[in-house]
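A.B. asks: Protein chains in written order, with the numbering used here: chain A, 372 to 598; chain B, 7 to 262; chain C, 110 to 767. Built from N, CA and C at the ideal position, the CB exists for glycine as well. Quick caveat, the model's predicted, so the values are computed rather than measured. One structure, as structure tokens, below. Some questions next.
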Ligand SMILES: Cc1cc2nc3c(=O)[nH]c(=O)nc-3n(C[C@H](O)[C@H](O)[C@H](O)COP(=O)(O)OP(=O)(O)OC[C@H]3O[C@@H](n4cnc5c(N)ncnc54)[C@H](O)[C@@H]3O)c2cc1C
Ligand code: HEM
Ligand code: SF4
Ligand code: FES
């Protein structure tokens with residue numbers, strides 16, 4: 372079998388989903404770290420500097436292309452797998468096992484992923500799109516003040532709620548995803564599987580929690596300021 | 007343990023053959039002893055049907071001691087019924103009480119087409135084994151058995167994987183109808199032994215390829231297979247299969 | 110026809126060597142032209158089909174299950190014997206040979222049995238090379254346990270799933286040949302007739318159990334590896350589908366049936382729990398390594414097992430047979446259990462059971478374990494817990510099975526066990542080359558009568574099945590086929606095929622046209638009851654004569670009142686079963702006739718008229734030192750031929766395990 376064959380079997384495809392998933396996890400950590408600076412009590416100075424650094428750095432721009440590629444591959448491959456898998460049992464069961472033998476979120480990765488995707492589109496539209504659009508197409512462009520942008524965006528309660536839902540989806544996605552990617556790479560051996568599961572769970576809760584606190588914080592801040 | 011008798015309602019999938027469409031039919035059985043096995047309860051039902059001049063329900067079974075892997079009923083949403091690590095033939099009626107309704111369906115997966123009623127075609131499993139689930143050694147070539155000491159722990163692990171009975175409950179349980187647990191059990195059984203080492207790369211890739219050809223779904227690590235496997239085959243075997251596969255992928259050897 | 114067993118001349122331990130080095134061979138190019146039919150894919154069939162495929166023959170293999178891996182061999186629990194002497198306890202080829210001959214109560218051929226003992230060691234080597242995960246010691250070497258009727262540890266095992274692991278090994282070899290194209294597999298096919306052309310077996314008629322169509326298959330030779338016929342008794346430890354149809358059809362085509370009455374009743378099975386019982390479950394003989402068998406000393410004692418103090422328990426095997434104790438051979442242990450229960454000492458609600466108790470083994474292992482871990486003053490509970498873990502590792506799966514079936518926890522309450530039909534030593538008569546008296550027709554494994562005499566020792570059936578398939582048939586088949594290389598494959602429109610197919614289809618039509626009232630199952634149960642009551646553990650002339658008449662009457666009723674729903678040309682399990690039960694009813698009669706003829710007690714065959722004062726079996730070597738080989742002459746008509754047994758090396762003596 373050549374490389375192409377290896378990546379086109381069911382395990383091969385899964386390896387791509389797992390690898391890109393892991394890459395996305397790393398992205399999440401960095402993203403979370405940078406964004407956490409909004410909590411710095413300096414009216415967003417630290418955060419704006421960091422964001423400007425990330426925005427203006429050519430290396431980061433290149434990595435970003437990789438990030439988009441990863442998203443693209445992750446989404447396409449996983450949704451394709453999910454849709455193929457859904458066709459393996461044309462005649463379904465009258466009585467289903469439900470949650471007796473597996474976790475609902477493990478069975479709903481496609482749905483959770485799609486929710487994340489919808490959220491992502493909104494998220495890009497809010498923050499990444501305008502800024503990057505300007506960077507490339509507006510000669511008068513100057514890095515947005517993301518801090519102010521956030522204050523502005525999260526003033527709307529419904530936006531905050533949508534973001535929170537996005538974080539919840541991410542949480543469930545990662546509840547399965549982190550441990551699952553380790554299994555995909557064959558690391559969930561007898562000795563490590565327990566550890567992997569716990570670390571995965573902690574990660575799946577911690578990161579989305581951090582993310583979720585940001586819109587809430589910004590919302591509170593902006594409503595305070597309005598008063 | 008107290009013995010008791012019960013009356014039950016059974017909703018069973020009836021399907022004449024692979025071409026015709028099937029449907030559920032409802033049957034009543036009475037005076038079922040709590041000491042019977044689930045299949046003995048079906049024997050009673052079938053006797054009753056024959057007495058009424060009707061066709062009995064076709065179901066697969068042979069050893070009735072949980073080892074041949076032939077029995078295959080999907081009972082109230084669970085392959086082999088609710089008992090942990092138990093085949094249908096070893097499930098006993100103690101599990102049920104008077105007045106219960108039990109829904110019985112065949113294994114469902116496109117790779118396991120229904121032959122009749124509750125009987126399905128599992129020959130896809132044989133073809134996966136034929137694709138590489140063996141050690142290529144001809145009769146009469148073997149050295150003395152004790153010339154090859156094997157770490158007891160490894161041997162035990164290999165045995166645990168080898169105890170798969172090829173029943174297909176993992177496929178039946180999996181939302182993706184994936185056969186990874188079955189395939190991984192065989193790959194693990196052989197990969198854990200030094201005898202299996204020379205062919206390990208080819209074996210993993212060829213068996214996975216055949217698994218795909220047969221039309222089984224891919225594994226998304228949901229874990230329902232492990233929960234339902236009557237022999238307690240562990241997901242660790244799937245991790246091992248993934249390792250073997252990745253190993254084969256990066257080995258660079260021509261045939262691997 | 111005179112019976113020629115074709116035992117090679119020369120000293121016993123050189124016979125097989127001589128045979129192998131002088132037998133005729135078939136060259137590789139010719140092998141590719143020779144077609145072999147292998148019916149059955151148990152240990153005997155799968156190993157034969159795989160080995161012959163490797164050698165280059167064109168093989169067609171058949172089984173009635175949905176996969177070759179499900180043959181009944183899969184259910185064997187305890188182990189497989191081999192004269193490896195790995196335990197350095199004095200084992201040798203000769204000792205295995207001797208134990209088997211003695212265990213069989215001097216009713217087996219020396220030549221065959223010695224060959225079996227010789228190849229036994231190769232089997233283990235072969236299986237290990239295939240990846241069979243036998244149990245091992247910490248040092249990495251193979252582990253052994255003891256089985257009944259021997260005083261050495263020569264049994265290799267894989268927990269309680271030895272048969273499964275051995276069969277999976279053979280099955281994998283078979284699948285490999287299937288992928289290489291040397292073997293074609295026919296699953297869900299049942300062989301229903303042997304086709305003879307010019308006196309030679311040249312093919313079979315098989316029914317595709319999914320479509321119901323009949324098929325003709327040609328073969329230069331036909332190998333029947335179809336297992337035993339214990340299901341004549343309805344209740345047995347055999348799988349539900351195990352049947353005698355293939356061998357019975359061969360018998361009716363002229364193959365002699367050897368020692369049909371030799372049936373093995375296994376002492377340790379889970380007792381019958383009610384009329385609904387469809388099969389009996391074996392609790393492996395290996396349990397007798399550690400379990401102690403007892404009944405209360407008081408008749409009809411209703412106390413719970415643990416309320417009966419030590420001194421009020423009768424460990425009757427240890428009492429009667431101090432030398433072998435709980436490890437006496439199966440026939441002896443079974444009769445002793447029956448004797449106790451018949452005398453009113455049985456336990457459980459039916460009183461047809463005895464206890465198999467692990468309490469002392471748990472304590473013994475617990476102490477060893479405590480010692481190992483340096484806890485010399487561990488309390489009782491700790492010792493018990495440690496001992497329980499050891500027992501669990503050894504027999505865990507059997508204990509679980511027992512608990513699922515009975516709902517009782519055998520770690521706490523002793524197991525209740527009772528003898529059940531388990532194995533049939535009788536089978537198609539074969540010569541040293543495993544060929545029946547029909548040229549080109551062979552029988553391997555449990556389907557033949559060859560190696561176990563009147564009683565099989567534990568862990569010897571797996572050994573025999575694999576010996577036949579891996580190591581014997583590859584030589585003996587070639588020796589005969591060497592003369593057949595000029596025979597072109599015969600087209601299946603040959604009149605003999607047409608006639609055979611018509612025969613089969615007429616019979617099926619006849620069965621379907623009866624449209625009576627009673628189910629097949631019910632007839633099978635009735636047959637089983639007659640057989641168990643009158644041709645079971647104890648047999649006498651009066652009962653056997655009655656049984657023969659009852660079976661005849663039952664058969665008549667069957668052919669006029671059986672009800673088979675459904676159609677012929679479809680998946681029809683009732684029809685499949687009807688054909689098998691019809692054959693059982695003919696075979697049952699022959700078994701009774703053979704039992705009636707053999708007016709001695711030997712091995713599993715116990716004629717109540719022939720016993721010592723202490724109730725031990727009494728053999729009659731003067732009159733019955735022969736194999737009875739029955740020829741079919743027409744309905745209920747059988748002619749017996751004798752093959753005298755000659756013992757050159759061992760001296761038959763009263764079998765004593767005291
Ligand atoms: C519960 C149990 C435990 C046992 N434990 C041990 C043990 O520990 N050690 C030991 O040595 N022995 C043991 N035995 C005995 C041993 O398992 C059997 O004697 C042996 O496996 C028989 O092997 P076989 O290949 O001859 O036949 P089987 O394994 O019975 O195979 C018969 C094959 O023939 C096929 N077949 C039958 N009829 C037809 C037909 N008409 N058409 C097409 N195919 C047909 C079947 O599909 C099957 O493939 C045990 C037996 C039982 C019942
Ligand atoms: C930040 C965003 C995301 C992260 C960190 C992430 C992470 C992961 C991880 C680690 C896995 C497990 C991979 C494996 O088992 O090997 C996974 C699986 C999956 N992801 Fe994502 N993902 C993200 C976004 C998405 C999106 C946007 C979609 C789809 C629209 C998606 C769909 C899926 C699906 C369907 C699976 C299961 C596929 C399978 O197991 O075969 N994910 N994800
Ligand atoms: S892995 Fe388990 S569920 Fe799947 S075939 Fe094997 S024994 Fe059955
Ligand atoms: S009938 Fe053999 S496993 Fe259930």
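Since residue 238 of chain C meets chain B, which of its residues come closer than 9 Å, beta carbon to beta carbon?
C.D. replies: Here the neighbours are 141, 143, 147, 148, 149, 151, 154 and 201.
A.B. asks: In angstroms with no decimal places, state the Cα-to-Cα distance between residue 207 of chain B and residue 236 of chain B.
C.D. replies: Between residue 207 of chain B and residue 236 of chain B, the C-alpha separation is close to 28 Å.
A.B. asks: In whole angstroms, give me the CA-to-CA distance for residue 370 of chain C and residue 362 of chain C.
C.D. replies: Approximately 20 Å between the Cα atoms of the pair.
A.B. asks: Given a cut-off of 9 Å on the beta-carbon distance, is the pair residue 355 of chain C and residue 551 of chain C in contact?
C.D. replies: Taking 9 Å as the Cβ cut-off, residue 355 of chain C and residue 551 of chain C do not qualify as a contacting pair.
A.B. asks: Does the distance from the CB of residue 220 of chain C to the CB of residue 121 of chain C come in under 9 Å?
C.D. replies: In contact: residue 220 of chain C and residue 121 of chain C (Cβ atoms closer than 9 Å).
A.B. asks: Identify every residue that forms a DSSP beta bridge with residue 245 of chain C.
C.D. replies: Note: residue 245 of chain C sits in a beta bridge opposite C:251.
A.B. asks: Can you confirm whether residue 121 of chain C, when its beta carbon is compared against all beta carbons of chain B, has any partner nearer than 9 Å?
C.D. replies: With 9 Å as the cut-off, residue 121 of chain C does not count as an interface residue toward chain B.
A.B. asks: With respect to the beta strand (DSSP E) encompassing residue 525 of chain C, which residues constitute its N-terminal and C-terminal limits?
C.D. replies: 524 to 533 is the extent of the beta strand (DSSP E) around residue 525 of chain C.
A.B. asks: By the criterion of Cβ-Cβ separation under 8 Å, what are the contact partners of residue 139 of chain C in chain B?
C.D. replies: Within chain B, no residue comes near residue 139 of chain C; the closest Cβ sits about 19 Å away, beyond 8 Å.
A.B. asks: Would a check of beta-carbon distances place residue 23 of chain B closer than 9 Å to chain E?
C.D. replies: Absent from the structure is chain E; the protein chains it does hold are A, B and C.
A.B. asks: Quick check for students: name the residue ranges of the alpha helix (DSSP H) that lie wholly in the region 601 to 660 of chain C, counting only runs of 4 or more.
C.D. replies: Runs of the alpha helix (DSSP H) inside the region 601 to 660 of chain C: 604 to 623 and 629 to 644.
A.B. asks: DSSP three-state call for residue 264 of chain C: helix, strand or coil?
C.D. replies: In this structure, residue 264 of chain C counts as strand in the three-state DSSP scheme.
A.B. asks: Going along chain B, which residues have a C-beta under 8 Å from residue 234 of chain C?
C.D. replies: Near residue 234 of chain C (Cβ distances below 8 Å), the residues of chain B are 148, 149, 150 and 151.
A.B. asks: Using 9 Å as the threshold, is the C-beta distance between residue 367 of chain C and residue 680 of chain C below it?
C.D. replies: No. Outside cutoff.
A.B. asks: Using C-beta distances below 6 Å, list every residue in its chain close to residue 430 of chain C, excluding the 5 sequence neighbours before and after it, in chain order.
C.D. replies: Closer than 6 Å at the Cβ level, and outside the excluded window around residue 430 of chain C, lie 437, 766 and 767.
A.B. asks: Using a Cβ-Cβ cut-off of 6 Å (strictly less than) and excluding sequence neighbours within five positions of residue 686 of chain C, which residues of its own chain qualify?
C.D. replies: 629, listed in sequence order.
A.B. asks: Quick one: which residues of the region 538 to 555 of chain A get their C-beta closer than 7 Å to a C-beta of chain B? List them in chain order.
C.D. replies: Listed by position, the residues of the region 538 to 555 of chain A near chain B (Cβ gap below 7 Å) are 551, 554 and 555.
A.B. asks: If you measure beta-carbon to beta-carbon, which residues of the region 207 to 222 of chain B are closer than 8 Å to chain A?
C.D. replies: Hits within the stretch, in order: 211, 214, 215, 217, 218, 221 and 222.
A.B. asks: Who are residue 671 of chain C's beta bridge partners in DSSP?
C.D. replies: C:627, per the DSSP bridge assignment.
A.B. asks: Should the region 206 to 218 of chain C be called in touch with the region 172 to 186 of chain C, which here means at least 3 C-beta pairs below 8 Å?
C.D. replies: The answer is no - the region 172 to 186 of chain C does not touch the region 206 to 218 of chain C, with fewer than three Cβ pairs under 8 Å.
A.B. asks: Determine, using beta-carbon pairs with one atom in the region 215 to 234 of chain B and one in the region 154 to 166 of chain B, whether at least three such pairs fall under 8 Å.
C.D. replies: At 8 Å Cβ cutoff, the stretches do not touch.
A.B. asks: Residue 462 of chain C: buried (16+ other C-beta within 10 angstroms of its C-beta) or exposed?
C.D. replies: Flag for residue 462 of chain C reads buried.
A.B. asks: Mind pulling the chain B residues with CB within less than 8 Å of residue 572 of chain A?
C.D. replies: Near residue 572 of chain A there are no residues of chain B at all, since even the closest Cβ is about 15 Å away, more than 8 Å.
A.B. asks: Any beta carbon from chain A within less than 9 Å of residue 205 of chain B's own beta carbon?
C.D. replies: Output row for residue 205 of chain B: interface = no.
A.B. asks: Whose Cβ in chain B lies nearer than 8 Å to the Cβ of residue 452 of chain A?
C.D. replies: Going along chain B in sequence order, the residues near residue 452 of chain A (Cβ under 8 Å) are 224 and 226.
A.B. asks: Can you find a CB in chain C that lies within less than 9 Å of the CB of residue 129 of chain B?
C.D. replies: Chain C, which has a Cβ nearer than 9 Å to the Cβ of residue 129 of chain B, makes this yes.
A.B. asks: Can you give me the start and stop residues for the alpha helix (DSSP H) that residue 579 of chain A sits inside?
C.D. replies: Per DSSP, residue 579 of chain A belongs to the alpha helix (DSSP H) from 564 to 597.
A.B. asks: On the criterion of 16 or more Cβ atoms from any shown chain inside 10 Å, does residue 756 of chain C qualify as buried, or is it exposed?
C.D. replies: When all chains shown are included, residue 756 of chain C counts as exposed.
A.B. asks: Can you confirm whether residue 246 of chain C, when its beta carbon is compared against all beta carbons of chain B, has any partner nearer than 9 Å?
C.D. replies: Yes, contact with chain B.
A.B. asks: Please tell me whether residue 102 of chain B has its Cβ less than 9 Å away from any Cβ of chain A.
C.D. replies: It does not: the Cβ of residue 102 of chain B has no partner Cβ on chain A nearer than 9 Å.
A.B. asks: Quick check on the DSSP output: the alpha helix (DSSP H) that includes residue 445 of chain A runs from which residue to which?
C.D. replies: It spans 429 to 457 - the alpha helix (DSSP H) in which residue 445 of chain A sits, taken as one unbroken run.
A.B. asks: Which word fits residue 182 of chain C, buried or exposed, when buried means at least 16 other C-beta atoms lie within 10 angstroms of its C-beta?
C.D. replies: With 16 or more other Cβ atoms within 10 Å, it is buried.
A.B. asks: Straight-line CA distance for residue 262 of chain B to residue 273 of chain C?
C.D. replies: In this prediction, residue 262 of chain B has a pLDDT of 45, which is less than 50 and means its spatial position is unreliable; what the coordinates show is noted afterwards. So the alpha carbons of these two residues sit roughly 30 Å apart.
A.B. asks: Comparing alpha-carbon positions, which option in A:541, A:516, A:593 and A:571 lies nearest residue 416 of chain A?
C.D. replies: The shortest Cα separation from residue 416 of chain A among A:541, A:516, A:593 and A:571 belongs to A:516.
A.B. asks: Taking C-beta to C-beta, are residue 180 of chain C and residue 152 of chain C nearer than 9 Å?
C.D. replies: Yes, these two residues count as a Cβ contact at 9 Å.
A.B. asks: Using a Cβ-Cβ distance under 9 Å, would residue 79 of chain B count as near chain C?
C.D. replies: Cβ-Cβ to chain C under 9 Å: no for residue 79 of chain B.
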